[in-house]
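Here's the structure, in structure tokens; my notes come after.
2 protein chains.
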Amino acid sequence: MKRVYVEDLSRHTGEQVEIAGWLYNQRGTAKLRFLLVRDGSGIVQCIAAKNELGEGLFALARSLTQETSLAIRGTVRADERAPGGYELLVTDLAKINDAHDYPITPKEHGTPFLLDRRHLWLRSKKQHAMLRIRHELIWAIRDFFNNRGFICFDTPMFTPNAVEGTTDLFAVNYFDTSAYLTQSGQLYAEAGAMAHGRVYTFGPTFRAEKSKTRRHLTEFWMVEPEVAFIDLDGLIELAEEMTVYIVERVLERRCNELADLERDTAPLEAIRRPFPRLHYDEAAEILVEYAKQHPDEGGVEFKHGDDFGGRHETILSDPYHRPVFITHFPAQIKPFYMKRDPDRPDCVLGFDMLGSEGAGELIGGSVREDDHDTLVQRIREHDLPMDAFDWYLDLRKYGSVPHGGFGLGLERTITWLSGRPHLREAIPFPRMLYRMRP
Amino acid sequence: MKRVYVEDLSRHTGEQVEIAGWLYNQRGTAKLRFLLVRDGSGIVQCIAAKNELGEGLFALARSLTQETSLAIRGTVRADERAPGGYELLVTDLAKINDAHDYPITPKEHGTPFLLDRRHLWLRSKKQHAMLRIRHELIWAIRDFFNNRGFICFDTPMFTPNAVEGTTDLFAVNYFDTSAYLTQSGQLYAEAGAMAHGRVYTFGPTFRAEKSKTRRHLTEFWMVEPEVAFIDLDGLIELAEEMTVYIVERVLERRCNELADLERDTAPLEAIRRPFPRLHYDEAAEILVEYAKQHPDEGGVEFKHGDDFGGRHETILSDPYHRPVFITHFPAQIKPFYMKRDPDRPDCVLGFDMLGSEGAGELIGGSVREDDHDTLVQRIREHDLPMDAFDWYLDLRKYGSVPHGGFGLGLERTITWLSGRPHLREAIPFPRMLYRMRP
């Protein structure tokens, strides 16, 4: 008997096949049972009829509880009304192992309860869909860069340096010394870009932020392309093309999962290039004006030179039905390595991309300072230890070139695409301030 | 003027193009210079003739030192004798930035010297080739699993548990408590397999081993597929198919890089399925016999029940011109989660795959114990804290199924394919006992 996956059933219409999986749910009558069986690749409705199976097997089918593992045989039938479009007319079945009192039932559970059982919660339909969207997104991002000649360049997790200060760093006991877990692979990726022209690093990054909001994980994944010989426009175009590519790819290949999440896909389908671009000065004006018009709304105060809060990002992106770029931030709120605009030395050649539908910052990027002496001055201005950057300065000493890159937060992008706002559902085992188990 | 990459020159024969990159080397006469220019995607020979360029530009070309960044224009010409098959007849050039006294010259340097300058060493031809092979290997591994319906399932870096004891773990200060950096995503991937059927985790793993040999990095990448409803034969087949796929892919797409590394590819081209399989009992007999025949060779002593050392692995794999599987190791030298062979309860349903040409262990895998009470007993036998495994035991409580998986060490596989034995060259910024910089 041919063992097949649910996702491949369409290729076996009319055939006898075997499915191995778990009982998701069942309903029916004393003579006819509808078993929903999941095998990881999908869920199929299996129709068990008493007069077909006989007394014993039918009683077995009826006795099966949620998450019991089983093997089930039957004939594949196309049926538009069936979930997934195919169903199985059961001819035989066997229980593999019991599942008594499975703790996650169709009723509502609180989030702490579910997070404590993340190893089981993963099996639920919406969580299953979320992680398949994550999978597709990773695949799409890698395809995008691989097919454009970028080299995957894995930067180290252990670093002796801090890119943006030491406050949010995790310290590791590294033999007789200390190491910090990486917050960004960018500095290393710059060395990679000088060797390979176009690279991207895609791996876990860490932030020891004592924040409990739904926007913070201590461990999250980031993709960071870095390109030699590129300017701000080139970077923004790259970010735009990548964004359109991944949105289209998820829409095309994960429409079932988006449906499982009850995601209204119209806003994603409407996304087209080019995305609007706002100079920070324009953005600041909008925010100042908004605060003036809404004196009673808390948390919207803003003056030129401030960084954006979440509410500010939403105000800025709200008028558009696509992501928005904000460019040319004030240098004083940005890291030392960002190159200044030669025409406006108080601004950096950097950008953020805010997702549509209030998703907030998905991408941050910049042209990097490529002049050795200017970079030395910036390191001094930021009170950073010069000797930690000797190798980084070398990149400006030996054939420096204009270059830049950006970082995309994977989990934030998943929450944007899925329409489910909690970062903790966008990664298999979320790590947060008070959560390291299971 | 069209800016193009060296790797795309073949599509521009006869055209005027511009290349941006770095001077790799130059030679020639007072009238004709051959500039080797690298742009990250490849190296192209650019021919600068005094009578074509004029006095000034020719003098500039001649003055360019190693790693000077430059933009160079010219006509693309196919020439079989040229490295890469194409060359550029220079019509114009401009220096972007200087590089004086570049520390890595064509002469031999010691490894510590080069590792201290890893950020620059990356630009050298062989290092460039190594990391492009790494890139291709990552791409190929992901394609292999993605195209077979596996879901990329990123397991956490922070873990509260130790899979194989705590001695080699890195401890992290995690707010008011401690976390350990992952040594394997397997246990989590098992939960993933129960949700998605077929998953793989592919990320960094950590080992705080106080070992300075060329076989040890503290931070290395591992891919770990995990599959529900699979047995030992199925796992070995999967490992075999993956290995053949990645070898063919690297041979097909990275022949230039293998040539840069002076890799004799004949042994890789000869690899065919099926790979030989040796039961541990047979392997032990071979090793005992070998030690008897070579009484004067140190380090080959062996008795049934021992684990293999590096030399033993080489002895076992030497007769074959393809990788070898060793199966059914004694349970007492293997971790608690490996399922025992029902016909030989002293052996596990596990395997190692040894690479050809003395590459050593590339893959280790097993069927997992899927019976709840047996697993409880194993955890006790191994003196492990039961409460750390409550969630892991849940996977056996709610619809347990036969399942298993394996882990492939990325850097070891790169050294095998590239023929360069040092793990430290197989990752952009290697982390070792005494090395965390740059």
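As given, the protein sequences belong to chains A and B, one line each in that order. Sequential numbering from 727 applies to the first sequence in the working numbering. Sequential numbering from 727 applies to the second sequence in the working numbering. Every residue, glycine too, gets a C-beta built ideally from N, C-alpha and C. As the structure is a computational prediction, the values presented were derived from the model and not from experiment.
I'd like the list of long-range same chain contacts for A915 of chain A, defined as Cβ closer than 7 angstroms, with 5 residues on each side in sequence excluded. On the first sequence, residue 915 of chain A is found 189 positions in, with the first residue counted as 1. Counting only Cβ-Cβ distances below 7 angstroms, and skipping sequence neighbours, we find F879, T881, V925, T927, E950, E952, G1131.
Considering just the uninterrupted stretch of the beta strand (DSSP E) at Q1019 of chain A, what are its terminal residues? As a first step, residue 1019 of chain A is located in the first sequence; it is residue number 293 there, counting from the start. Here Q1019 of chain A belongs to no beta strand (DSSP E); instead the alpha helix (DSSP H) covers 1006–1019.
Check whether chain B comes within 7 angstroms of G768 of chain A, counting only Cβ atoms and requiring the distance to be less than that. Stepping through the first sequence from its first residue, residue 768 of chain A is reached at position 42. With 7 angstroms as the cut-off, G768 of chain A does not count as an interface residue toward chain B.
Below 8 angstroms on the Cβ atoms is my guess for G747 of chain B versus L815 of chain B; work out the distance and round it to an integer in Å. In the second sequence, counting from the first residue as 1, residue 747 of chain B sits at position 21. In the second sequence, counting from the first residue as 1, residue 815 of chain B sits at position 89. Incorrect: roughly 17 angstroms between the Cβ atoms, too far for contact.
Residues of its chain near S1126 of chain A, where Cβ-Cβ distance is below 6 angstroms and the 5 sequence neighbours each way are ignored: What you label residue 1126 of chain A is simply residue 400 of the first sequence in a count that begins at 1. Cβ neighbours of S1126 of chain A beyond the five flanking positions: D1096.
Would you decide whether N777 of chain B is buried or exposed? Buried here means 16 or more other CB atoms lie within 10 Å of its CB. Sequence index remark: in the second sequence, residue 777 of chain B carries index 51 (1-based). Its Cβ having fewer than 16 others within 10 Å, N777 of chain B is exposed.
Measuring CA to CA, which of B:A921, B:L1143, B:E1027 is closest to R989 of chain B? Taking the first residue of the second sequence as 1, we reach residue 989 of chain B at position 263. For R989 of chain B, the nearest C-alpha among the options comes from B:L1143.
Could you confirm whether any beta carbon from chain B is found closer than 7 angstroms to the beta carbon of A992 of chain A? Translated into the one-based positions of the first sequence, residue 992 of chain A becomes position 266. Not closer than 7 angstroms to any Cβ of chain B, the Cβ of A992 of chain A fails to qualify, so no.
Give the C-beta separation of L1121 of chain B and A992 of chain B to the nearest angstrom, bearing in mind that I take them to be a contact with Cβ-Cβ under 8 angstroms. Numbered from its first residue, the second sequence carries residue 1121 of chain B at position 395. Numbered from its first residue, the second sequence carries residue 992 of chain B at position 266. At roughly 45 angstroms, the Cβ-Cβ gap does not stay under 8 angstroms, so L1121 of chain B and A992 of chain B are not in contact.
Contact set between the region 858–889 of chain A and chain B, restricted to residues whose Cβ is under 8 angstroms from the partner: R858, R860, H861, I864, W865, R868, N872, G875, I877, C878, F879, D880, T881, P882, M883, F884, T885, P886
Is it buried or exposed, S910 of chain A, if we count other Cβ atoms within 10 angstroms and call 16 or more buried? Here residue 910 of chain A refers to the residue found at position 184 of the first sequence. S910 of chain A should be labelled buried.
Where T791 of chain B and M1158 of chain A are concerned, what is the direct C-alpha to C-alpha distance, given to the nearest angstrom? The residue given as residue 791 of chain B occupies position 65 in the second sequence. The residue given as residue 1158 of chain A occupies position 432 in the first sequence. Taking the straight line joining both Cα atoms gives about 51 angstroms.
Using a cut-off of 8 angstroms between C-beta atoms, extract the partners of T794 of chain B located in chain A. On the second sequence, position 68 is the one that residue 794 of chain B refers to. Those are G1125, listed as they occur along chain A.
P1164 of chain B: buried (16+ other C-beta within 10 angstroms of its C-beta) or exposed? Within the second sequence, the letter at position 438 stands for residue 1164 of chain B. With 16 or more Cβ atoms within 10 Å of its Cβ, P1164 of chain B is classed as buried.
Taking the CB atoms as reference points, tell me whether A1009 of chain B and I1059 of chain B lie closer together than 7 angstroms. Residue 1009 of chain B sits at position 283 when you count from the first residue of the second sequence. Residue 1059 of chain B sits at position 333 when you count from the first residue of the second sequence. No.
Return the Cβ separation of G1086 of chain A and E1023 of chain A in integer angstroms, given the expectation that the two are a contact with Cβ distance under 8 angstroms. In the first sequence, counting from the first residue as 1, residue 1086 of chain A sits at position 360. In the first sequence, counting from the first residue as 1, residue 1023 of chain A sits at position 297. Contact doesn't hold; Cβ gap of about 18 angstroms is too wide.
Take E995 of chain A as the anchor and find which of A:Y731, A:E741, A:E813, A:E978 has the nearest alpha-carbon. Stepping through the first sequence from its first residue, residue 995 of chain A is reached at position 269. Looking at the Cα atoms, A:E978 is the closest of the given residues.
Using a C-beta to C-beta distance shorter than 9 angstroms, which residues of chain B count as neighbours of D765 of chain A? Reading the first sequence from its first residue, position 39 is the one you call residue 765 of chain A. The answer, in chain order, is G923, A954, F955.
Within the same chain, show all residues whose beta-carbon is closer than 8 angstroms to that of F884 of chain B, passing over the 5 residues directly before and after it, in chain order. Position 158 of the second sequence, counted from the start, is the residue given in the question as residue 884 of chain B. Contacts found: V898, Y900, A905, Y906, L907, T908.
Within-7 angstroms CB hit, V898 of chain B to chain A: Working through the second sequence from its first residue, we reach residue 898 of chain B at position 172. Yes, V898 of chain B counts as interfacial toward chain A.
With 7 angstroms as the threshold, decide whether the Cβ of A855 of chain B is near any Cβ in chain A. Mapped onto the second sequence, residue 855 of chain B falls at position 129. It does not: the Cβ of A855 of chain B has no partner Cβ on chain A nearer than 7 angstroms.
Do the CB positions of T801 of chain A and Q742 of chain A come within less than 7 angstroms of each other? In the first sequence, the residue the question calls residue 801 of chain A occupies position 75. In the first sequence, the residue the question calls residue 742 of chain A occupies position 16. Cβ distance < 7 angstroms, so T801 of chain A and Q742 of chain A count as in contact.
At a Cβ threshold of 7 angstroms, is R803 of chain B touching chain A? To locate residue 803 of chain B, count along the second sequence from 1; it is residue 77. No, R803 of chain B does not count as interfacial toward chain A.
Can you have a look at H1108 of chain A and say buried or exposed, based on whether 16 or more other CB atoms are within 10 angstroms of its CB? For this step, residue 1108 of chain A is matched to residue 382 along the first sequence. Under this definition H1108 of chain A is an exposed residue.
Does the count of Cβ pairs from the region 830–848 of chain A and the region 965–978 of chain A closer than 8 angstroms reach three? no
Nearest chain B C-beta to H1108 of chain A closer than 7 angstroms, yes or no? Here the question's residue 1108 of chain A lines up with position 382 in the first sequence. It does not: the Cβ of H1108 of chain A has no partner Cβ on chain B nearer than 7 angstroms.
Where DSSP assigns a beta bridge to S904 of chain B, which residues make up the other side? The residue you call residue 904 of chain B lines up with position 178 of the second sequence. B:N899.
If we ignore side chains and look at the alpha-carbon of each, how far apart do V1102 of chain B and H1054 of chain A end up? As a working note, residue 1102 of chain B is residue 376 in the second sequence. As a working note, residue 1054 of chain A is residue 328 in the first sequence. Each residue's Cα considered, the two are about 59 angstroms apart.
Assign H1030 of chain A to buried or exposed, taking buried as 16 or more other Cβ atoms, counted over all protein chains shown, within 10 Å of its Cβ. Here residue 1030 of chain A refers to the residue found at position 304 when the first sequence is read from its first residue. Exposed is the call here.
Under three-state DSSP, which class holds H1038 of chain B? Stepping through the second sequence from its first residue, residue 1038 of chain B is reached at position 312. Here H1038 of chain B sits in helix by DSSP.
Compute the distance between the beta-carbons of T1139 of chain B and P1147 of chain B, then report whether it is under 7 angstroms. On the second sequence, position 413 is the one that residue 1139 of chain B refers to. On the second sequence, position 421 is the one that residue 1147 of chain B refers to. Taking 7 angstroms as the Cβ cut-off, T1139 of chain B and P1147 of chain B do not qualify as a contacting pair.
Of all the options A:K1018, A:I997, A:F1028, which has the alpha carbon lying nearest to the alpha carbon of D1007 of chain A? Counting from one through the first sequence, the residue named residue 1007 of chain A turns up at place 281. Closest option to D1007 of chain A, Cα to Cα, is A:F1028.
Separation of F896 of chain B from P886 of chain B, as counted between CA atoms: Within the second sequence, numbered from 1, the residue matching residue 886 of chain B stands at position 160. Within the second sequence, numbered from 1, the residue matching residue 896 of chain B stands at position 170. Distance between the alpha carbons of P886 of chain B and F896 of chain B: 11 angstroms.
Measuring straight from C-alpha to C-alpha, what distance separates C772 of chain A and F871 of chain B? For the purposes of this step, residue 772 of chain A is identified with residue 46 of the first sequence, where counting begins at 1. For the purposes of this step, residue 871 of chain B is identified with residue 145 of the second sequence, where counting begins at 1. C-alpha separation (whole angstroms): 28 angstroms.
So which of B:T944, B:D818, B:K1065, B:A985 has the shortest CA-CA distance to L783 of chain B? In the second sequence, the residue the question calls residue 783 of chain B occupies position 57. Minimum Cα distance to L783 of chain B is reached at B:D818.
Give a yes or no on whether 7 angstroms exceeds the smallest Cβ distance from E1095 of chain B to chain A. As a position in the second sequence, residue 1095 of chain B is number 369, starting the count at 1. Cβ-Cβ to chain A under 7 angstroms: no for E1095 of chain B.
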